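Undergrad: Here the sequence shown stands for residues 5 to 418, where the numbers follow the numbering used here.
A virtual CB, placed ideally from N, CA and C, is assigned to each residue, including glycine.
Quick caveat: nothing in here was measured; it's all calculated off a predicted structure.
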Amino acid sequence: MQEITANRENQRRNIWCSGWFVLAAVAAVLFALSMFLWESRLPTEIDLQIHASYSVDFDFTDLHSITSRIAYPLWHVLVAILYQLGTPIDWAGSIICTLFRALTFVMTYRLLDRMSGGKIKTFWLALCALFMFVVTGVNLPNDTGLSVYRFVNGSPNVWHNPTQQAVISTMMIVVPYLVWCWDSFEKKLPEGGDDTMLPWWQVFGLAALLILNLMCKPTVMQAFLPAAFLMYLVELCRRPRNWRYFGQIVLAFIPAVVCFLVQYLYYTGVVVPYTSGVEFGATAQTLWEAFRTMLMMNAFPLAALACCWHKGMFKDRHVLLAVLMVFISMLEVAFFRETGMRAGHGNFGWATMSSSYFFWAVMLGKFAGMLRQQWKEAALWRKVLVVVAVGILLWHLASTVEYFVFMLSTGNAF
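1. With which residues is R461 paired in a DSSP beta bridge?
2. Could you name the residues that DSSP lists as bridge partners for E342?
3. Quick check on the DSSP output: what are the complete alpha helix (DSSP H) runs of length 4 or more inside the stretch 282-307, in order along the chain?
4. Drop a sphere of 10 angstroms on the beta-carbon of P180, count the other beta-carbons inside from all chains shown, and report buried for 16 or more, exposed for fewer.
5. Please return the same chain residues whose Cβ sits closer than 7 angstroms to the Cβ of L309, not counting the five positions on each side in sequence.
6. Quick check: what's the CA-CA separation for W385 versus L202?
7. Would you mind working out which of F64, F127, F109 sits nearest V139, comparing C-alpha positions?
8. Taking just the CA atoms, how far does A286 sit from W204?
9. When you compare only the Cα positions, how much space is there between V152 and S413?
10. With a Cβ-Cβ cutoff of 8 angstroms, do F264 and L229 count as a contact?
11. Mind checking which residues open and close the alpha helix (DSSP H) that includes N217?
12. If you compare alpha carbons, which of K191, I177, V238 is closest to G209?
13. Given a threshold of 16 other Cβ atoms within 10 Å of its Cβ, counted over all protein chains shown, does T48 qualify as buried or as exposed?
14. So, for T148: in the same chain, excluding its five sequence neighbours on each side, which residues have a beta-carbon less than 8 angstroms away from its beta-carbon?
15. Could you tell me the alpha carbon to alpha carbon distance between Y249 and V238, rounded to whole angstroms?
16. Decide if the stretch 206-223 is in contact with the stretch 55-63; the criterion is three or more beta carbon pairs, one per stretch, under 8 angstroms apart.
17. Tell me which residues share the same chain as K192 and place their Cβ nearer than 7 angstroms to its Cβ, disregarding the 5 neighbours each side in the sequence.
18. Just reading off the alpha helix (DSSP H) that W186 is part of, what are its end residues?
19. Looking at the structure shown, is A383 part of a helix, part of a strand, or coil, going by DSSP?
20. Does the beta carbon of F410 fall short of 7 angstroms from some heavy atom of the ligand ATP?
21. Look at N217 and T174 and say whether their C-beta atoms are less than 8 angstroms apart.
22. Starting from the C-beta of F295, find all residues in its chain whose C-beta is less than 7 angstroms away, skip the five residues before and the five after it, and write them out in chain order.
Next comes the structure, spelled out in structure tokens:
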């Protein structure tokens, strides 16, 4: 018995050692890629260089310097701290990008493990997390015969924009945390009945994580706030007597909603004079382009959703929120556009990319778990769908390789 226990301890130790090694290797590659993009001599600056220049000018003693970055302060503040401590700006920017991306890798690994039901071996989970880390939308020929690269239509992964990297990393914490808040409620419900409530520390934790995500960038909340609202509105209609619990969730979201509105009012020039605005409205063209973008980024997750479909699937709130976020963000891209100086910048499209990343993580984990547990007993129609889904996954992989060859050979993230 002692020998078995010792073997298990050794296995756990080996897993942790190999995990830290993989994380260190991933961090090294991420840092190298950030430095590569930083040093690339392009005709115009990429977002990494532009945002880093904002950090160079950051003055912690000047209130205007602080408030002028209210729409996405966290990355700028962290880089400014390193820079003012004597770190070269290219190193400071690359270090902070690496830390956020490494956090994304860890949280993606954990979510994949949960969604697969804990049935996938460590090596394959790490491989899936690595793939998630680089996956792009599928590439299609355009009218000129050239490939449509991912930033024409968007991608679950973004290499050129540091604030988007930061917001995805915190999204991978806050969305599963909200699901945990729901699961905790359901677990307590049979015993607590109408008086079921969460511990207040859990509520305050949710509020803090929502604000943390907004401090990175408000784009995830474009999709997450309405998705969470719809989910909880339906549940409140089903369980009106549990108003105490739903009241706790509302209280947790109120600071985030206020912060979100202030950020967008500031960003679009309502609070302070600026040269950008927002127009609302959709045409057949904008609806088609938004749908095409969503489809190109999420071809595999949608196929995996069909493969794994079963009655009651949306009772898993990860799946429900992922689907809601993807389709809500798609509609936002179709209906909202920037005007003025930021016309054509596509900032309302960031939510589709973040939502797509979360959808990918949820459905890749579900798909891997389904293959591991149910392949032999699966019906013929499901096996056919699995073959189609694997083909689409390979298409994503080929597009990813093509994109990296393009980026590394040209130094251009677009």
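TA: By the coordinates alone:
1. Absent from the structure is residue 461, since the part of the chain shown begins at 5 and ends at 418.
2. V282
3. 288-301
4. buried
5. M367
6. 43 angstroms
7. F109
8. 42 angstroms
9. For V152, the pLDDT reaches just 47, beneath the cut-off of 50, and the residue's location in the model is therefore unreliable, leaving the point undetermined.
10. yes
11. 204-220
12. I177
13. Bear in mind that a pLDDT of 47 at T48, under 50, signals an unreliable position, so the number given afterwards is only what the model happens to contain. Flag for T48 reads exposed.
14. Its pLDDT being 43, under 50, T148 is placed unreliably by the model, and the measurement read from it follows with that caveat. Excluding sequence neighbours, T148 sits near nothing in its chain.
15. 14 angstroms
16. no
17. T200
18. 166-196
19. coil
20. For the structure depicted, the ligand ATP is absent and the ligand set is empty, with no information on it obtainable.
21. yes
22. M334
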